[in-house]
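For reference, the structure is listed below as structure tokens.
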């Protein structure tokens, strides 16, 4: 007989030092042979088969739940029989948002292959680095990004547009998927993250991880029993875990509909909300800030259907929260928190009635446990104690791909994922993000690793030493700033450094401020003491 844990209103158990979810218990599927696609697409009712799962916001074209079932079988069989993809193979997709993106995700996973993706903004060099790490047997991309793969693949990438066109005109599509033995513990995806420190690493996501996330979102979003009636707008990128978890794992689990915007623009988003009666909008902070700043433009659209904006990726400033709620009193503004390493959001504000908005990021979803540990003593802290947030539960990753050292650093021997974020949990179980312990820079919700930019700067022939740190910016949240020690007699200018880095990285990683210094403060072991770096009054910026 299991012992009954004594927890207070916050979900804190003083005997274990662990915070438990206040959403109650949740039973996950125990069947060993279960994949994410089979969990999401099996047992569809007749009324769901004709319901749109994904709608293209521009063209109005849609994919129904019935289409998802049949087309994912067709694509999976084609990948296996015509392209030779088998269980355990990695397939890379580099694409902007489209209604075909979820189809590729589900089809790849359906045959036991491993889905991976990359930011379409990456340079050819950055794509090559990721390809060398994940070693995909097949690459999908679009006409727009085709040239980025010139010279780095042994065979040309498959163009999504042509691939889908050929499949849709197949007069004899297969009606049944070839049988593949897939277990919950098998790897379903490699999603790239900067992790707790350093360069980008591949997060190993199992089918069990993603099923647990799907089941948790289903449980939370259906609290009031009307999850299926919501219409979600997808303006966040599907190649990112926020978009993947919300728009594929979550939306499909509750049998809802997602309106997909190919490329984000304020007008495209507003037109879509009005045209399709969107009720929920997952977003990142810069989008919320834009809605506050461009209130005159917003008045030209009918947004009466919109019930909630869910912000994630970085904390929202209190001024922006209050400004949003004053301008849009009919819309609930909430925040959530998650990591690539947790396969999506592990806190949500659903069902919490503390006003029209939340300064907190909500409370733990079912299946998740948390500890707040003192950063010096590692002892667990009670409510209102501020320390590092540590997480444990079914959605937590298996580890970093082929990187035991990074995995051991991130996940301790008891299974706790150390987030590197300084937080506290209040007396009601709501989590509050204070700041990040880790050194990552969050530029418009994208993660920028200082180590990567420092390595690039170290290759410049006129630079002796360099360090990258964050600089606060109202619109972007943070921007990368470089502290540079020039070699003797160098005439290197701020603009020269910005251009040098910009030519080697995606736009969001660009250095946007440069400060020239005499030396970089370091520990005896060589680690940069970033907190000792102080910018003089005169700086150069490039936003």
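In the UniProt record's numbering, the protein residues as written are 1 to 543. We treat Cβ as the ideally placed atom computed from N, Cα and C, and that holds for glycine.
State buried or exposed for residue i, treating a residue as buried only when at least 16 other CB atoms are found within 10 Å of its CB.
i           : result
residue 143 : exposed
residue 300 : exposed
residue 116 : buried
residue 375 : exposed
residue 414 : exposed
residue 362 : buried
residue 132 : exposed
residue 529 : exposed
residue 338 : buried
residue 531 : exposed
residue 459 : exposed
residue 9   : exposed
residue 255 : buried
residue 195 : A caution first: residue 195 carries a pLDDT of 47, below 50, which makes its placement in the model too unreliable to give a value.
residue 146 : exposed
residue 294 : exposed
residue 219 : buried
residue 124 : exposed
residue 130 : buried
residue 6   : exposed
residue 421 : buried
residue 11  : buried
Among the options, which has the Cα closest to the Cα of residue i?
i           : options               : result
residue 19  : 381, 520, 445 and 419 : 381
residue 349 : 21, 234 and 7         : 21
residue 385 : 103, 111 and 425      : 425
residue 112 : 7, 370 and 34         : 34
residue 70  : 168, 458 and 259      : 168
residue 310 : 41, 298, 324 and 297  : 324
residue 161 : 237, 183, 369 and 94  : 94
residue 151 : 137, 251, 128 and 166 : 128
residue 122 : 262, 505, 352 and 65  : 505
residue 249 : 185, 262, 221 and 76  : 221
residue 419 : 509, 193, 275 and 81  : 193
residue 217 : 461, 416 and 394      : 394
residue 232 : 105, 283 and 511      : 283
residue 120 : 137, 97 and 109       : 97
residue 36  : 496, 11, 52 and 114   : 114
residue 521 : 11, 467, 134 and 303  : 467
residue 304 : 281, 434 and 438      : 281
residue 81  : 178, 105, 51 and 379  : 178
residue 23  : 511, 352 and 503      : 352
Which residue comes first and which comes last in the beta strand (DSSP E) that contains residue i?
i           : result
residue 348 : 344-348
residue 52  : 52-56
residue 293 : No beta strand (DSSP E) contains residue 293, which is instead part of the alpha helix (DSSP H) from 285-293.
residue 234 : 231-234
residue 332 : 332-335
residue 387 : 387-393
residue 148 : Where residue 148 is concerned, there is no enclosing beta strand (DSSP E), given that its DSSP letter is neither H nor E.
residue 311 : 308-311
residue 318 : No beta strand (DSSP E) holds residue 318; the alpha helix (DSSP H) holding it covers 318-327.
Just to check my reading of the structure: residue i and residue j have Cβ atoms closer than 8 Å, yes? What is that Cβ distance to the nearest angstrom?
i           : j           : result
residue 215 : residue 253 : 7 Å
residue 191 : residue 100 : With 8 Å as the limit, residue 191 and residue 100 do not qualify as a contact, their Cβ atoms being about 19 Å apart.
residue 327 : residue 273 : Between residue 273 and residue 327 the Cβ distance is about 15 Å, and since that is not below 8 Å, they are no contact.
residue 79  : residue 107 : 6 Å
residue 431 : residue 423 : 6 Å
residue 367 : residue 118 : Going by Cβ atoms, the distance from residue 367 to residue 118 rounds to 29 Å, so no, they are not a contact pair.
Could you give the first and the last residue of the continuous alpha helix (DSSP H) run that contains residue i?
i           : result
residue 495 : 494-502
residue 27  : Neither: residue 27 is in no alpha helix (DSSP H) and is coded neither H nor E.
residue 258 : Residue 258 -> not in any alpha helix (DSSP H); beta strand (DSSP E) instead, spanning 257-260.
residue 47  : 46-49
residue 65  : 65-81
residue 454 : 450-457
residue 218 : 207-221
residue 133 : 124-134
Sorry if obvious, but does the Cβ on residue i come closer than 7 Å to a heavy atom of the ligand NAD?
i           : result
residue 141 : Judged by which ligands are present, the structure shown has none, so any question about the ligand NAD falls away.
| query | Taking three-plus beta-carbon pairs below 8 Å as touching, is the stretch 398-412 in contact with the stretch 200-208? | reply | Contact between the stretch 398-412 and the stretch 200-208 is present, with at least three C-beta pairs closer than 8 Å.
| Using 8 Å as the Cβ pair cut-off and three pairs as the minimum, do the stretch 253-271 and the stretch 305-324 touch? | no
| said: With three or more C-beta pairs closer than 8 Å as the rule, is the stretch 387-405 touching the stretch 440-449? | reply: A contact is defined here as three or more CB-CB pairs under 8 Å, and the stretch 440-449 fails this definition with respect to the stretch 387-405.
| request: Count the CB pairs spanning the stretch 274-293 and the stretch 468-485 that are closer than 8 Å, and state whether there are at least three. | output: yes
| said: For the structure I just gave you, are there three or more beta carbon pairs, one from the stretch 384-396 and one from the stretch 45-54, closer than 8 Å? | reply: no
| request: Give a yes or no on contact between the stretch 229-246 and the stretch 137-153, applying the rule of three or more CB pairs nearer than 8 Å. | output: no
| request: Inspect the CB distances between the stretch 512-519 and the stretch 477-489 and report whether three or more fall short of 8 Å. | output: yes
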